[in-house]
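Numbered according to the numbering used here, the sequence shown spans residues 80 to 662.
Idealized CB from N, CA, C, for every residue including glycine.
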Amino acid sequence: MENGLESTGDSRVDQAVTQWLQYDKNPKTAAAVRTMVKDRAMSELQKCFGARMEFGTAGLRAAMGPGVSCMNDLTIIQTTQGFCAYLEQCFTDLKQRGVVIGFDARAHPPSGGSSKRFACLAASVLISRGVPVYLFSDITPTPYVVYWANGAQIIPPHDKGIAAAIEQNLEPWPKSWDTDGALQSSLLNDPYQDTHREYCQTIQQHCFHRELNKNTKVKVVHTSVHGVGHIFVQAAFKAFDLQPPYAVEEQKDPDPEFPTVKYPNPEEGEGVLMLSFALADKEGATVILANDPDADRLAIAEKQESGQWMVFSGNELGALLGWWIFQCWKQQKEDGKASIKDVYMLSSTVSSKILRAIAVKEGFHFEETLTGFKWMGNRAKELMDQGKTVLFAFEEAIGYMCSPAVLDKDGVSAAAIAGEFVSYLTSKNRTLSHQLRSIYEEYGYHISKNSYFICHDQDTIKRLFEHLRNYAGENSYPKECGGFAITAVRDLTTGYDSNQTDNKAVLPTSKSSQMITFTFANGGVATMRTSGTEPKIKYYTELCSAPGNSDLNQLKTELDNLVDVIVEHFYQPEKNNLTPRPE
Numbered sequence: 080m081e082n083g084l085e086s087t088g089d090s091r092v093d094q095a096v097t098q099w100l101q102y103d104k105n106p107k108t109a110a111a112v113r114t115m116v117k118d119r120a121m122s123e124l125q126k127c128f129g130a131r132m133e134f135g136t137a138g139l140r141a142a143m144g145p146g147v148s149c150m151n152d153l154t155i156i157q158t159t160q161g162f163c164a165y166l167e168q169c170f171t172d173l174k175q176r177g178v179v180i181g182f183d184a185r186a187h188p189p190s191g192g193s194s195k196r197f198a199c200l201a202a203s204v205l206i207s208r209g210v211p212v213y214l215f216s217d218i219t220p221t222p223y224v225v226y227w228a229n230g231a232q233i234i235p236p237h238d239k240g241i242a243a244a245i246e247q248n249l250e251p252w253p254k255s256w257d258t259d260g261a262l263q264s265s266l267l268n269d270p271y272q273d274t275h276r277e278y279c280q281t282i283q284q285h286c287f288h289r290e291l292n293k294n295t296k297v298k299v300v301h302t303s304v305h306g307v308g309h310i311f312v313q314a315a316f317k318a319f320d321l322q323p324p325y326a327v328e329e330q331k332d333p334d335p336e337f338p339t340v341k342y343p344n345p346e347e348g349e350g351v352l353m354l355s356f357a358l359a360d361k362e363g364a365t366v367i368l369a370n371d372p373d374a375d376r377l378a379i380a381e382k383q384e385s386g387q388w389m390v391f392s393g394n395e396l397g398a399l400l401g402w403w404i405f406q407c408w409k410q411q412k413e414d415g416k417a418s419i420k421d422v423y424m425l426s427s428t429v430s431s432k433i434l435r436a437i438a439v440k441e442g443f444h445f446e447e448t449l450t451g452f453k454w455m456g457n458r459a460k461e462l463m464d465q466g467k468t469v470l471f472a473f474e475e476a477i478g479y480m481c482s483p484a485v486l487d488k489d490g491v492s493a494a495a496i497a498g499e500f501v502s503y504l505t506s507k508n509r510t511l512s513h514q515l516r517s518i519y520e521e522y523g524y525h526i527s528k529n530s531y532f533i534c535h536d537q538d539t540i541k542r543l544f545e546h547l548r549n550y551a552g553e554n555s556y557p558k559e560c561g562g563f564a565i566t567a568v569r570d571l572t573t574g575y576d577s578n579q580t581d582n583k584a585v586l587p588t589s590k591s592s593q594m595i596t597f598t599f600a601n602g603g604v605a606t607m608r609t610s611g612t613e614p615k616i617k618y619y620t621e622l623c624s625a626p627g628n629s630d631l632n633q634l635k636t637e638l639d640n641l642v643d644v645i646v647e648h649f650y651q652p653e654k655n656n657l658t659p660r661p662e
């Protein structure tokens with residue numbers, strides 16, 4: 080092998096390593112690769128050079144480290160070169176438009192990688208081609224950094240176009256490594272102050288109770304879970320004239336090690352909120368707001384009369400925020416229903432159908448999209464371009480778009496709007512829990528239960544879903560599950576939908592991911608799908624009842640029974656060797 084190294088015995092790995100050492104100018108990652116070759120650490124080499132990270136609609140996701148399978152200086156340069164080449168094809172005026180780059184606080188000292196370092200390398204690549212770069216000078220929440228030219232995340236076929244362009248631009252361009260030169264360039268701009276100011280100004284159009292906010296007695300705790308959210312949520316509260324929330328001191332500053340939590344995701348349960356509960360109890364606060372580390376998601380907990388804390392699910396928060404935003408819109412429109420026909424709310428297909436129930440009763444439009452804000456953001460932009468008003472969009476994974484100024488989930492504006500909502504409810508001696516009950520009583524209970532199984536074997540996953548497509552003979556889906564009758568099936572992998580007259584699904588389909596939705600005669604809906612980024616087979620179930628059916632315990636029991644039979648008959652965890660979600 081070249082570079083004075085012995086062959087590993089695997090010609091494909093030899094070739095990948097030779098090319099890597101030819102291109103990589105980072106001494107830490109280059110040395111790590113040389114050491115692996117010298118030590119003949121084949122499993123490590125396979126892990127680092129097995130397959131290039133896939134560029135999808137959400138970009139890249141992988142651990143930091145050496146090799147084509149990881150995030151590092153060289154793979155960032157290669158990715159940005161491909162992205163730049165693709166942008167040059169798409170926009171003849173790219174040199175007038177420019178590209179925005181943001182970063183967070185994550186870092187990996189062994190490889191010398193960090194989010195900030197990667198941002199500077201990306202800037203170098205673009206500047207070397209004469210493209211103006213708007214590089215934030217400090218960490219920002221994801222919502223501050225817009226995506227495609229329309230402000231929404233990319234959707235197919237852009238991901239395939241970018242992925243192909245990356246493969247064609249693997250050799251670093253002459254000035255791609257020159258971060259010093261790029262940082263001195265007149266093409267480099269810092270949008271931090273302007274964006275922060277404009278964001279705080281723009282979200283004020285959603286502030287309707289400023290006087291109430293100034294005088295509210297409610298106390299709120301906020302945690303940014305070692306991420307970027309702290310200063311931005313404080314600023315958003317100030318923009319709404321709300322009292323600053325109490326910050327969880329141990330978690331307010333960015334820390335890539337996330338030292339106080341097992342998983343830095345507020346979605347993963349109460350463990351993330353333990354320090355918040357303690358601070359709230361100490362300060363007499365009754366509401367907790369928690370952002371994920373990049374501040375695009377929001378979790379909320381509320382102290383109950385029993386003294387226990389209730390952490391709302393993403394679907395419950397979707398019901399609460401959707402209802403509140405509609406009420407604010409209604410009060411703002413003096414002419415009542417004059418333009419309600421132009422009002423829209425969106426949610427993803429695996430999220431609660433509560434917005435549909437509210438829309439049917441109130442007279443606005445509700446639309447469902449595929450999973451993920453890339454679909455909701457792009458659909459919202461299409462509707463807005465047609466002169467429609469998109470009030471709200473949400474997904475069950477605690478993601479909320481409360482302001483069309485950001486066509487993506489945004490945990491910062493959602494936190495400020497939730498703060499005002501809580502101050503309004505407090506003035507009426509009500510709580511979020513009371514309000515949620517009222518919403519369900521008026522529009523019908525919608526209770527959900529979501530979880531997943533872990534499966535690392537792609538063949539098993541394929542077999543499980545093919546079994547459902549050929550349940551009682553070839554090309555026949557199940558008609559019932561453990562005594563629960565199935566009235567409709569939609570398969571967004573194959574494009575089949577029994578609800579459509581031609582049996583063809585209306586929503587876009589994707590053969591590369593598995594997703595089947597079953598509708599049951601009892602008002603239950605269950606979606607089974609694979610995750611694009613994790614070895615999970617997820618399920619999302621919901622039981623929707625008509626208004627007036629308020630026997631909550633009976634509904635919960637029925638949903639539990641439905642989930643049990645879906646797991647038993649459709650997942651077959653023992654037969655398929657599936658690992659349940661860790662408690």
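Residues of the same chain with a CB within less than 6 Å of the CB of F563, apart from the 5 flanking positions on each side, are F599 and L641 in chain order.
A distance below 7 Å between beta-carbons, with the five flanking residues on each side excluded, links Y503 to the following residues of its chain, in chain order: H288 and L291. The three-state secondary structure of W408, taken from DSSP, is helix.
Residue environment analysis places T171 among the exposed positions, since fewer than 16 neighbouring C-beta atoms fall within 10 angstroms of its C-beta. Closest option to G523, judged by alpha-carbon separation, among P614, T596 and A398: A398.
With at least 16 other beta carbons inside 10 angstroms of its own, E395 counts as buried. The DSSP-derived three-state label of E559 is strand. Residue pairing by DSSP puts H301 in a beta bridge opposite A326 and L368. In the three-state DSSP reduction, E395 falls in the helix class (H, G or I). When secondary structure is reduced to three states using DSSP, W99 falls in the helix class.
Counting only the Cα atoms, V299 lies some 9 Å from G363. For secondary structure counted as the alpha helix (DSSP H) over 4 or more consecutive residues, the stretch 219-274 holds these complete runs in sequence order: 237-246 and 258-262.
Under the three-state reduction of DSSP, V646 is assigned to helix. Residue state for V147 is assigned as coil, using DSSP reduced to three classes.
Note on geometry: alpha-carbon atoms of R208 and C407 lie some 47 Å from one another.
The C-beta distance from I540 to T450 rounds to 17 Å, too long to fall under 8 Å, and the pair is not in contact. DSSP places I526 in no alpha helix (DSSP H) but in the uninterrupted beta strand (DSSP E) bounded by H525 to I533.
Under the three-state reduction of DSSP, P659 is assigned to strand.
Cβ atoms of Q232 and Y226 come within 8 Å of each other, at about 5 Å. F356 is not a Cβ neighbour of D238, given a cutoff of 8 Å. W256 has its alpha-carbon roughly 29 Å from the corresponding atom of R119. The three-state secondary structure of D570, taken from DSSP, is strand.
In this structure I367 does not touch G401 by the C-beta definition: roughly 21 Å separates them, more than the 8 Å allowed. Pairing A497 with I310 gives a Cβ-Cβ distance that is not under 8 Å.
Under the criterion of beta carbons closer than 8 Å, Q330 and V312 do not qualify as touching, at roughly 12 Å. In this model, Y342 and V351 are separated by some 7 Å (Cα to Cα). Boundaries of the beta strand (DSSP E) around H444: H444 to T448. Annotation: the stretch 106-178 contains no complete segment of the beta strand (DSSP E) (minimum length 3 residues). F649 has its alpha-carbon roughly 36 Å from the corresponding atom of E381. Beta-carbon to beta-carbon, V485 and L425 are separated by about 14 Å, too far to satisfy the 8 Å threshold. Around the beta carbon of K583, fewer than 16 other beta carbons sit within 10 angstroms, so the residue counts as exposed. Annotated as proximal: T572 and Q593, with beta-carbon spacing under 8 Å. In the same chain as T365, and ignoring 5 residues on each side of it, the C-beta atoms closer than 6 Å to its own belong to K382, in chain order. By the Cβ-count criterion, S517 is exposed, with fewer than 16 other Cβ atoms from all chains shown falling within 10 Å of its own Cβ.
Using a C-beta cut-off of 8 Å, the stretch 243-252 makes no contact with the stretch 179-195, since fewer than three inter-stretch Cβ pairs fall below that distance.
Looking at the backbone, the Cα of N655 and that of V646 are separated by about 11 Å.
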